[in-house]
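Let me begin by presenting the structure, written as structure tokens, before commenting on it.
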Amino acid sequence: MPTPSPTGPLVTRDSLAADLSGLGVRPGEILLVHSSLSSLGWVCGGAETVVRSLCDALGPHGTLVVPAQSGHLSDPAVWSSPAVPEEWWEAIRAGLPAYDPRITPTRGVGVVPETVRTWPGALRSAHPQTSFAALGPRAAEILDGHAPDCRLGEASPLARLERLGARVLLLGADYDACTAFHLAEYRVPAPRVAVGRPGPDGWEVVTEVSISSDRFDELGHDFERDRPVVRGAVGAAGARLFPLADAVAYATRWLPVHRPRDEEF
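So that you can map any letter, position 74 of the sequence shown is 165 in our numbering, and since no number is skipped, the others follow by simple counting.
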């Protein structure tokens with residue numbers, strides 16, 4: 092069978108950086124990026140090129156932040172993609188390695204965040220399931236102090252990004268990937284749940300705010316209708332750029348009305 096021809100357009104480091112600047116990414120700013128590599132077209136150099144182009148657009152004084160989540164460090168009883176037999180659960184709980192920010196791979200966030208995580212000089216926050224990774228002069232300021240019992244709330248990098256005036260770039264990603272909305276979940280009445288994971292001293296269970304991306308697509312649609320969101324194209328991908336603080340404030344008002352506390356997630 093012949094090898095299928097690549098689908099375009101051809102995207103390069105220079106063209107991506109130009110598109111990012113044309114969209115409005117500013118040198119020196121702090122940018123939280125959610126990305127889909129495959130949406131960009133045929134990227135010459137793949138994820139490495141995307142990271143380099145983001146750093147080009149941000150310049151030496153800008154800081155790039157990405158989600159570096161490792162949701163596989165969780166209770167096998169709640170796994171669904173795929174589920175595992177119940178008779179395996181205890182062995183998995185005993186055998187899962189504890190989180191190590193230098194080694195633990197990302198899971199479910201795409202190849203661009205994994206590339207940032209392993210980039211020379213990158214830093215990573217301390218939460219074993221919902222960490223962030225960052226490159227740039229303000230990386231430590233953003234990532235330090237991520238509490239182990241606060242996935243995406245006030246003691247997470249999201250709250251620090253809000254205070255520092257960061258913006259969010261959805262690069263071929265939809266609003267269901269927008270972690271900023273989760274910070275709002277900590278600011279409205281929300282149930283708390285037990286969260287299991289491997290710890291340095293064995294299996295541990297912490298109590299956390301229940302978080303869910305359910306209806307985030309609707310939330311994003313309404314946010315974009317009511318608040319200024321820059322829209323454009325980067326390569327072949329649709330892109331959206333907006334202040335993180337705007338997204339959190341809007342979601343804090345929207346969630347109690349459209350997804351009240353007693354709604355089953």
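By construction, the Cβ of each residue, glycine as well, lies at the ideal position given by its N, Cα and C atoms.
ask   = Should the region 137-147 be regarded as contacting the region 163-172, the criterion being three or more beta carbon pairs within less than 8 Å?
value = No: fewer than three Cβ pairs fall under 8 Å.
Length of the line joining the Cα atoms of E355 and F333 = With a pLDDT of 41 at E355, under the threshold of 50, the modelled position of this residue cannot be trusted; read the value that follows with caution. Straight-line Cα distance between these residues: approximately 30 Å.
key: Assumed close pair T214, G244 - CB separation to whole angstroms, cut-off 8 Å   = The question names Thr, but residue 214 is Leu in the sequence shown. With a Cβ gap of about 20 Å, L214 and G244 do not count as contacting.
task = Would you mind working out which of V320, I121, D267 sits nearest I302, comparing C-alpha positions?
result = Comparing Cα-Cα distances from I302 to each of V320, I121, D267, the minimum goes to D267.
request  = Determine the DSSP secondary structure at E355, reduced to helix, strand or coil.
outcome  = Note that E355 has pLDDT 41, beneath the 50 cutoff, so the model's placement of it is unreliable and the number below is only indicative. Looking at E355 - three-state DSSP - the assignment turns out to be coil, as it is neither helix nor strand.
message = Can you tell me where the alpha helix (DSSP H) holding S126 begins and where it ends?
response = Element bounds for S126: not the alpha helix (DSSP H) but the beta strand (DSSP E), 121-126.
message = According to DSSP, simplified to helix, strand and coil, what is W294?
response = In the structure shown, W294 adopts extended strand secondary structure according to DSSP, grouped into three states.
inquiry  = Restricting to runs no shorter than 3 residues, where is the beta strand (DSSP E) found entirely within the region 151-226?
reply    = Within the region 151-226, the complete beta strand (DSSP E) runs of at least 3 residues are 154-158, 223-226.
key: Whole-angstrom C-beta distance between E253 and L122, which should lie under 8 Å   = With a beta-carbon spacing of about 14 Å, L122 and E253 fall beyond the 8 Å limit used to define contacts.
ask   = Between P319 and P192, what straight-line distance do the alpha-carbon atoms span, to the nearest angstrom?
value = Each residue's alpha carbon lies about 36 Å from the other.
task = My understanding is that G113 touches G326, with C-beta atoms under 8 Å, so please give their C-beta distance in whole angstroms.
result = Contact doesn't hold; Cβ gap of about 12 Å is too wide.
ask   = Whole-angstrom Cβ separation of L155 and G227, contact assumed at under 8 Å?
value = Separation of the CB atoms of L155 and G227 is rounded to 6 Å, and the pair is thereby assigned contact status at 8 Å.
message = Tell me the residue span of the alpha helix (DSSP H) that contains V116.
response = Counting along the chain, V116 sits inside no alpha helix (DSSP H), nor does DSSP assign it H or E at all.
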